[in-house]
Amino acid sequence: MKFKPIMTAALVAGTALSALPAAAGPDAIKVGLLMDMTGNYSDVAGRGSVTAAEMAVEDFGGTVLGKPIEVVHADMQNKVDIATSIAREWFDVDAVDAIVDSNMSSAGLAVSEIAVEKDRLMIMNISGSPRFTNESCNPNTIHYVYDTYALATSTGKAVVRGGGDKWFFVTVDYTFGHDFQAQAEDAVASEGGETVGSVLVPLNASDYSSALIQAQSSDANVIAFATAGADTSNAIKQAAEFGIGQGDDRQLAGLLVYINEVDALGLETAQGMLLTSAFYWDLDEETRAFSERYMEKMGKMPNMSQAGVYSSTMHYLKAVEAAGTENYAEVMAKMKEMPINDFFVKDGYIREDGRMMRDMYLFRVKSPEESTGAWDYYEKVATIEAEDAFTPVSESRCYLLKEES
Amino acid sequence: MEIFGFPPQLILGQVLIGLINGSFYALLSLGLAIIFGLLRVINFAHGALYMMGAFAAWMTQAWLGLNFWAALVIAPLAVGLFGLVVERAFLRSIYHLDHLYGLLLTFGIALLIEGMYRYWFGAAGKPFTTPDVFRGIWDLGFVIVPKYRGFVVLASLVTCLAVWLLIERTRLGSYLRAATENPDLVSCFGINVSLLTASAYVLGAALAGLSGVLAAPIYQVTPLMGTNLIIVVFAVVVTGGMGSLSGAIITGYGMGVIEGLTKVFYPAASSVVIFVVMALMLLLRPAGLFGKEA
Amino acid sequence: MLRSHVLPVLALLVLLCIAPLVFYPIFLIKLLCFALFAAAFHLLLGYVGLLSFGHAAFFGTGAYMCAQALARWNLAPELALLFAVAVSAALGAVIGFLAVRRQGIYFAMITLALGQMVYFIYLQAPFTGGEDGIRGITPGHFLGVVDLSNPLALYFTVLAVTTLAFALVWRIVQSPFGMILEAIRENEPRAISLGYNPTLYKLAAFTFSAALAGLAGGLKAMSFQIATLVDVTWQMSGEVVLMTLVGGIGTFLGPVVGAFIIGGLEQYLAQSALPAPVILGAAFILCVMLFRKGVAGTAKSLLQNRAPKRSTPDNPETQATNRIVK
Amino acid sequence: MPKSAVPTWGERPMPDPVLSVTDLHAWYGESHVLHGVTLDLKEGETLAILGRNGAGKTSTLRAIMGVIPRRSGSVKIHGRETIRQKSHAIARLGLAYVPEERGIFASLTAQENLLLPPVISPGGLAIEEIYELFPNLAERRNSPGTRLSGGEQQMLAIARVLRAGGRTIFLDEPTEGLAPVIVERIAEVVAMLKTRGYSMLLVEQNLAFAQAVADRTCVMEHGHIIETFTAADADSHAASLQNHLGV
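Chains as they are written, first to last, in the working numbering: chain A, 1 to 405; chain B, 406 to 699; chain C, 700 to 1025; chain D, 1026 to 1272.
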């Protein structure tokens, strides 16, 4: 007998805890975001991405097909099981129509499969795994902003074209890094450049001096970091310390760098680095107009994924309106049919595999002297055409493209 | 001439670089050893205190507008003060419990601190640059050493030596050593052991804070900078054993060098080499290199 | 002793059988996996007095091995689970061999470090797919008959397997082997003088605990159709410690209660504005400072105190809260 | 010679007790080790506590010193109630503790051991005086404390509290494990301390040693004091003593 009350209490508590916040009526159009709100990725996505989605809904007018539009979000705490169980509840109980972003590629891929199962739509903005539009592609998923293939290829091609033809890679030692380097090497070779060396570094290694010394003793003129997040920040910071890329004839290239990381490093440290991004707030009038509105809400400028959340949400809502239904297949057809033109992307379109095709930009980080103020960080060096940047149809491993051809 | 197909310059260079990493391992494991000696607590929050030191350095620059030297003094004091609060508010009431509770408590404290910092300062962290005096590099011929790293090795050696002297050669140090052996007896001589215990935690925390300041110009100052480091430092501590302070220092530098050399000979293993050395030590000498207890 | 547990266990089973009416099966499956994981961890802490801070290594190994067997070798689910258990047990034997040489905090630090080493190995091993994880798992038919693509069938399969595993834990704890483990925890020198080799017993318990944790991980991978690095991180090891602490160290059902509470709490935090890491850290501190008996332990002593006969000033319960390991 | 003018034993007809213990109980965790100990120690007096192993002799000293955290009753030192005080504060009321097994610190040299206790009241011996009294210690001042022989360690343990200046000395089995020659030497030291007017509480199992130096003797069993007698009555208690100590 004696454990019964405990168990009852535990289960009652469980009920209360897992109960969802009261949802609005079923006839609302709902978009959901599964974000890391408090963990490692909360800067590059998190609250900022949710805000961007909310801005899109507000700008759209708040209603579509006569129904109110609602944004829901959850803190997935970088756990796949939390992301997937919430996605299921959203689709089943809360009638969420589309999930417009999810942190972590593993969680995103799992959510994308649930979208297929539940006949809903999934748009990926933050993750860069090429799997979304290759092995794991499906008719329900759009990969909107970038992928690591595009970053590696764009950086590789544009930098070689600019004269940086001898590459040395500092690569994080697991699948992500190995693939990243291989893609960049291909791009470098395709433009006539060569890879003169590379070194593997463990994840979270914090000390890069050993790798940097090897890079320094090579005759490379480009030192590329096939790393992510804190690893990239540490590598760049220590490169500056070793005097690499500042005042010598070498250039640093970060293959995956968010503007938030440049902000955290400071221009003193990051100056001169080359990087590829799909977006920068200070490209033209339109980007500035959006970004300044965002800045007012968030206190910082949007990065490419956050701007992408706005743009993709907006595109989704327009497609719902055009399709006259929230049925995923018809909305998806409209999304793939309608060109995208807003501050984020010009003449963008969504390929059959779900890849949103857009131009990428190569930026150089300004020196403190060149910068005129907060967030004035990048100078555009080159534009890489969408077809040049993303996986060509011929190389795609997506069955949706195979059927067509 | 080559050693296993590697030019000796490269190896010598890596040894030097390894000493720099070893400096942080030594300072942190020294602090852990001091705390363990008196509190019998393995301070899981040590990585968080290290991180707080780095952030305190950033704050003295960004908020108070002071220079690196000021940070070098203020940050350890601030972290030490924080340590005092932690010791008085939390640790003090669990000394009579199983030592594992100390580990669990400090683990919770670490999670809490790191969570709060991420909440306040963001996950990407804050900029901190090398102080102007130490800009630039020394080209030693066989290796290039950024001047600041030279300073780090020197500063950590001096600090380790100073702490060693404090503990081995001063009256306060003899209190600390005696209290490590038999706190009850020391209190029977009229010495306030509770105060000594608090000072040991403050000293350990301040050392972690100092390492944090020293790390700030090299490593990105982020809320998680101490998280992975602490696990490595634990492995260093297990390898060295908790027997002596000099043991903690020597093992710290030694493991840094071993790690550095692994990066040359077999880079794929450099993330696990310290754990492997620890495992080997457990096979050969379970109490650790300098360990006394069975 | 046995009778006092029959009713609560039966009540719990009945509740779990009707739970899918209220909760999502997949959410319940997660709770069951965590409960089994916590029970595996607690087998070591509660009965041998060893606190492992690296148990995610076995949980994650179970998940990866089950995923590998299902996705790439197309094994039947029951064979995949057995494979996961076998590999986790083997890893447990290796890590245990090193770790049981020390006790107390050293044991905790060693398991933490070795667990981190396992994490790095999985991170670098190509078959784990890095951040994307092992995907493309089709669970198939359990024992050739139960179609695991049906969520309810999956749930009841997981429930059956976990119930069996719990029964096995119960058997072991009550067996002569379990008694010897407790004797070793209470007084190791005495156990040695009676002719037992404590190291061997500890190693056996460690291996068994690792196997169970592997089973929990395998079940999770099978149910969620994915195995990722998250399950091998030290954070996961920390979480299982927290579950056990919250539930109550030294009680058979404590880990289950703790796993349900922490699993539910995470789900709740996902949809609240509270920062999850801060809340979990605070929960740790609160439990150690004020709530060392945990939910089950507190409830147990409340119920015992109501029965006046059992409440004595020298109640071993009050002593037990001062120590984890003797 | 003592530097300050201190009252020596026997000068006053009714000296105040320096230590007065009433109904002292103490617990280690859940086990109750002292069940109401009552005793007092007069100025300049030497009081021996005899008893079997586990009778509560050492626990009595430790409880008075306040290192057993859970205790109740009354312990007055120079008339001041200390039952709620911390052990370091209690020590500063003039207690000099020479623990069982000497309590020499292995990580300190002999000299560091000697210098460890802070001076708690004026009138302690200067280090030169100590080295004069114990020339062996002077020779071995730089050796690690536990490298000294048992006798040397015992001298060191006594010497270091003399330096601190406490005038009430607690001696816990000072003769334990020592050769007869050394025991004789210790007895000389204790006699010397008596002539210098120190009050002493002596815990012993060595009956002959205790009777040679004690003014009064208490016998403990099961956490109680079961009898107390003066040196003059010692002979009449010899039989029961034999019985209680199980010699």
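For each residue, glycine too, the CB sits at the ideal point set by N, CA and C.
Residues sharing a beta bridge with residue i, DSSP
i              : result
residue 360/A  : 384/A
residue 442/B  : In the DSSP output, where bridge partners are listed per residue, residue 442/B has none listed.
residue 841/C  : 845/C
residue 67/A   : 64/A
residue 1243/D : 1074/D and 1253/D
residue 1131/D : According to DSSP, residue 1131/D bridges with nothing at all.
residue 102/A  : 34/A
residue 1065/D : 1045/D
residue 169/A  : 198/A and 224/A
Short CB-CB distance (under 8 angstroms) between residue i and chain B
i              : result
residue 202/A  : yes
residue 181/A  : no
residue 996/C  : no
residue 1003/C : no
residue 1194/D : no
8 angstroms Cβ cutoff met for residue i and residue j
i              : j              : result
residue 156/A  : residue 188/A  : yes
residue 993/C  : residue 957/C  : yes
residue 1098/D : residue 1065/D : no
residue 33/A   : residue 56/A   : no
residue 170/A  : residue 225/A  : yes
residue 417/B  : residue 980/C  : no
residue 1136/D : residue 1166/D : yes
residue 312/A  : residue 302/A  : no
residue 37/A   : residue 75/A   : yes
residue 618/B  : residue 481/B  : yes
Within-8 angstroms CB hit, residue i to chain C
i             : result
residue 84/A  : yes
residue 311/A : no
residue 23/A  : Only weak support exists for where residue 23/A lies, its pLDDT of 43 falling under 50; the coordinates are left without a value.
Short CB-CB distance (under 8 angstroms) between residue i and chain A
i             : result
residue 455/B : no
residue 576/B : no
residue 527/B : yes
residue 940/C : no
residue 561/B : no
residue 546/B : no
residue 625/B : yes
residue 881/C : no
Min CB distance residue i to chain D below 8 angstroms
i             : result
residue 598/B : yes
residue 651/B : no
residue 583/B : yes
residue 592/B : yes
Proximal residues, the segment 478 to 509 of chain B versus chain C, C-beta separation under 9 angstroms
495, 498, 499, 501, 502, 503, 504, 505, 506, 507, 508 and 509
Validate contact between the segment 232 to 247 of chain A and the segment 322 to 336 of chain A using beta carbons, cut 8 angstroms, 3 pairs:
no
Give me the subset of the segment 225 to 257 of chain A whose CB atoms are less than 7 angstroms from a CB atom of chain C, sorted by chain position.
none
Taking a Cβ distance cut-off of 7 angstroms, strictly less, list which residues of the segment 1068 to 1102 of chain D are near chain B, in chain order.
1090 and 1092
Three or more C-beta pairs below 8 angstroms linking the segment 778 to 785 of chain C and the segment 963 to 978 of chain C
no
According to a CB-to-CB cut-off of less than 7 angstroms, which residues of the segment 169 to 198 of chain A neighbour chain C?
173, 174, 175 and 176
Contact the segment 186 to 200 of chain A vs the segment 148 to 167 of chain A: 3+ CB pairs below 8 angstroms:
yes
Any contact of the segment 793 to 801 of chain C with the segment 649 to 664 of chain B, i.e. 3+ C-beta pairs under 8 angstroms?
no
When you compare the segment 443 to 460 of chain B with the segment 483 to 491 of chain B, are there three or more beta-carbon pairs, one atom per stretch, that lie closer than 8 angstroms?
yes
Would you call the segment 1168 to 1181 of chain D and the segment 1110 to 1118 of chain D in contact, with 3 or more CB pairs under 8 angstroms?
no
If you measure beta-carbon to beta-carbon, which residues of the segment 782 to 808 of chain C are closer than 7 angstroms to chain B?
797, 800, 801, 803, 804, 805, 807 and 808
Which residues, in chain order, does the segment 260 to 280 of chain A contribute to contact with chain B at a C-beta distance below 8 angstroms?
260, 261, 263, 264, 265, 266, 268 and 269
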